[in-house]
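Accompanying notes for the structure given below.
There are 2 protein chains.
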Amino acid sequence: MKALHFDGRNLALCDVEKPEREGEALVRVLKSGICKTDLEIIRGYAKFRGTLGHEFVGIVERAESSDWIGKRVVGEINVGCGRCHVCKQGDSRHCSDRTVLGILGRDGAHAEYLTLPLRNLLKVPDGVSDEEAVFVEPLSAAYAITEQVEILPETKVLVIGDGKLGLLCAMTLALKSKDVSILGKHKQKLDIAESQNINSILLESLAKLPKKSFDVVVEASGNKTGFEIALEMIKPRGKLVLKSTFHGSTKAEMWKVVVEEISIVGSRCGRFAPALELLERKQIHVTKLISEEFSINEGLKAFEKASQKGVLKVLISM
Amino acid sequence: MKALHFDGRNLALCDVEKPEREGEALVRVLKSGICKTDLEIIRGYAKFRGTLGHEFVGIVERAESSDWIGKRVVGEINVGCGRCHVCKQGDSRHCSDRTVLGILGRDGAHAEYLTLPLRNLLKVPDGVSDEEAVFVEPLSAAYAITEQVEILPETKVLVIGDGKLGLLCAMTLALKSKDVSILGKHKQKLDIAESQNINSILLESLAKLPKKSFDVVVEASGNKTGFEIALEMIKPRGKLVLKSTFHGSTKAEMWKVVVEEISIVGSRCGRFAPALELLERKQIHVTKLISEEFSINEGLKAFEKASQKGVLKVLISM
């Protein structure tokens, strides 16, 4: 089968064997999405070798339970050992022996097939298109914020970063708060937010904003200065949600966190079920975030496109 | 009156006028305590000029309400404007126009007299000695952690730093958790913790400790490496409490906070009332932390002593 394989140096379209893992379901991938993490892996983050990709929608072709066969599914990307304390509490996202689809010890979704345990799969409701379903993973990561931090209608929220993740965060937060702003560099991207009742702020206008004025700040810019801006804009006792897995060390004025008694909340993955529900109820319109779709035969082009400035989500179809 | 005055360059024992502020009570100071913040101010932190000191016990000599006269008191150090949104919510600790005793815009406690609004004062119960009462400010700062983060009997807690604040944090946390450890460099200081059912760990034995094994880590070391160690020792989804107002920027692997979904909680001041209660009920034995006491006439010697390695609390008596 075809797979976009990273050998530690280069990404290549390869012909590899269909994956097989004991006790796991075989999924024929319909579409996958390129995430910033994929691009970071190519730059050396996570030291992963193998087939990239962790955002997908597919059809179950083989499974231990026959009622899954032929079903359209998405899949939670963390696969815990199933035996440790953390897994038994139902949170395999933090199992220390976990594998992660296309990120850690497990081939990923930019391929014609993948395997995952049945417990990781969720059926996609009929009303959700393939294009929408590919967004379940990043959408659940964005929605997770609302499960970690209390967001009320009057909570003043700032999202830093107008990339895919920043936009998804702003869109999900705007379901809870009436006062969400997004800060970014690209007018075109910010316009997507504006169309969904989110106040957009160009980075060049940042100086005009009153400092220490937001109850919640979400850092989703993926660059070094995002955290500094977040510390400037947040109110005393505010909540700063960190979303960027910016790789490398950040210089941080941590004493400000003490003096202003700020809480910083690290936030990575979320649960898929509520994200699927948002899509089914048409509460979030994710397809506006699609910049282009490529066939897997043009997978390298797809990655080239995804790494260009100003580009949002790039999809790959199998 | 005598006062230890910092002019931006040097600390000196000066003869200054008795303080007077409209609507505030005049307090004759009995004893004051030298805090690490005092030493940091001398190094340029907070750009404060004036009489240092914010830990004290004293007697009210003049007040608008006569039933306070002659009462032994301690005092909350943040004085809010009383008019803004934050003050009206009762939290003048974060009023943006606040003054802070001996730290920001207000002469402090290393002097024969100070003034504070009556609303900042708390009467000291008879069973609490002067030596104990001086500890109310740092003790309330330590106890604040238990109000910010849930500590259960089985919560595994690590306190980094065996200075005064680290020891007070460990001692108050040990009232809630049966599994508190303290990490430090000084066997003598750690022994104080050991005597109060706290597990002590010398820094040189750190490598033997399993990483990612603590539910809650309190960073109270006041030095650059404390935060790094905290990130290594904390469990995924753990709570990292920042107590040190280490001045300057810290290099931090903030992506770890995201991947492990850690929460960082900045923690500065606490409420005085619960700290006074702990002392009254003899639940915390703070006098073990006193290294030496000096008369204000020897105030400069007291500061010299307080800045030496291995020294804990130095008191000044008026």
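Chains V and P, in that order, are what the protein sequence lines are. Each residue of the first sequence is one higher than the one before, counting from 1 in this note's numbering. Each residue of the second sequence is one higher than the one before, counting from 1001 in this note's numbering. Cβ atoms here follow ideal geometry from the backbone N, Cα and C, with glycine treated the same way. Here the structure is a predicted model, which is why all the values come from computation and not from measurement.
* Identified DSSP bridge partners for Thr1051/P -> His1005/P
* Which residue from Arg281/V, Arg21/V, Lys164/V and Gly166/V puts its Cα closest to that of Leu62/V? -> The residue you asked about is not Leu; residue 62/V is Arg in the sequence shown. The shortest C-alpha separation from Arg62/V is found at Arg21/V.
* Taking the alpha carbon of Lys288/V as the point to measure from, which residue in Gly163/V, Gly75/V and Cys84/V has its own alpha carbon closest? -> Gly163/V
* Asked: Can you find a C-beta in chain P that's less than 8 Å from the C-beta of Val257/V?
  -> yes
* Asked: Less than 8 Å separating the beta-carbons of Glu232/V and Gly226/V?
  -> Result no, Cβ atoms of Glu232/V and Gly226/V do not sit closer than 8 Å.
* To do: Measuring alpha carbon to alpha carbon, tell me which of Thr51/V, Tyr45/V and Val27/V ends up nearest Lys2/V.
  => Looking at Thr51/V, Tyr45/V and Val27/V, the one whose alpha-carbon comes closest to that of Lys2/V is Thr51/V.
* **Interface residues of the stretch 1171 to 1190 of chain P facing chain V [CB-CB below 8 Å]** => So the list is empty, because no residue satisfies the distance condition.
* Between the Cα of Arg1268/P and those of Val1134/P, Val1311/P, Tyr1143/P and Glu1280/P, spot the shortest distance and give me the residue it belongs to. => Tyr1143/P
* To do: From the DSSP output, in three-state form, read off Val257/V for me.
  => Correct three-state label for Val257/V: helix.
* Best match in Ser1177/P, Asp1191/P and Glu1292/P for proximity to Ile1151/P [C-alpha to C-alpha] -> Ser1177/P
* To do: Would you list, in sequence order, the uninterrupted beta strand (DSSP E) runs of no fewer than 3 residues that lie entirely inside the stretch 154 to 229 of chain V?
  => 156 to 160, 179 to 184, 199 to 202 and 214 to 219
* Shortest alpha-carbon distance to Thr1115/P belongs to which of Thr1099/P, Leu1206/P and Leu1240/P? -> Thr1099/P
* By a C-beta neighbour count over all protein chains shown, 10 Å radius and 16 as the cutoff for buried, is Ala1141/P buried or exposed? -> buried
* If you run the structure through DSSP and keep just helix, strand and coil, what is Asn10/V? -> Coil at Asn10/V, not helix or strand.
* Is the Cβ of Pro1138/P closer than 8 Å to any Cβ of chain V? -> no
* Asked: Does any CB atom of chain P fall closer than 8 Å to the CB of Thr99/V?
  -> For Thr99/V, the answer is no, since every Cβ of chain P falls outside 8 Å of its Cβ.
* **Straight-line Cα distance separating Ser65/V from Val73/V** => 14 Å
* **Of the residues His186/V, Cys95/V and Phe214/V, the one placed nearest Glu204/V, counting alpha carbons only** => His186/V
* chain P residues whose Cβ lies nearer than 7 Å to that of Pro236/V -> Those within 7 Å of Pro236/V in chain P are His1094.
* **Three-way DSSP call (helix, strand, coil) for Thr1245/P in this model** => coil
* Collapsed DSSP secondary structure at Lys301/V in the structure displayed -> helix
* Mind checking Pro138/V: buried by the 16 CB within 10 Å criterion, or exposed? -> buried
* Taking just the CA atoms, how far does Lys243/V sit from Arg1028/P? -> 51 Å
* Cβ-based burial, Asp126/V [other Cβ within 10 Å; buried from 16] -> Around the C-beta of Asp126/V, fewer than 16 other C-beta atoms lie within 10 Å, and the residue is accordingly described as exposed.
* Residue(s) in a DSSP beta bridge with Gly75/V -> In DSSP, Gly75/V forms a bridge with Leu121/V.
* Asked: Looking at the unbroken alpha helix (DSSP H) that takes in Thr1037/P, where does it start and where does it end?
  -> Its alpha helix (DSSP H) spans residues Lys1036 to Ile1042.
* To do: Check Ala306/V in the structure and name its three-state DSSP category.
  => DSSP, read as helix, strand or coil, puts Ala306/V in helix.
* To do: Work out the CA separation of Thr1155/P and Val1060/P for me, nearest whole Å.
  => 42 Å
* Asked: Residue range of the alpha helix (DSSP H) that Leu1312/P falls in?
  -> From DSSP, Leu1312/P is part of no alpha helix (DSSP H); its letter is neither H nor E.
* Taking Ser1213/P as the reference, give the member of Ile1262/P, Ser1221/P, Lys1047/P and Gly1105/P with the closest Cα. => Ile1262/P
* What residues in the stretch 137 to 163 of chain V bring their beta carbon closer than 7 Å to a beta carbon of chain P? -> none
* To do: Can you grab the Cα-Cα spacing for the pair Met318/V / Leu1173/P, in whole Å?
  => 56 Å
* Would you kindly work out how many angstroms separate the C-alpha atoms of Gly1090/P and Lys1282/P, rounded to a whole number? => Between the alpha carbons of Gly1090/P and Lys1282/P lies a distance of about 29 Å.
* Asked: Beta-carbon of Phe48/V versus every beta-carbon of chain P: anything under 8 Å?
  -> no
* With 8 Å set as the bound, which would you pick, yes or no: does the beta-carbon of Lys71/V sit closer than that to a beta-carbon of chain P? -> no
* Where Val1138/P falls: helix, strand or coil (DSSP) -> According to the sequence provided, residue 1138/P is Pro. The question's Val does not apply to it. Three-state result, Pro1138/P: helix.
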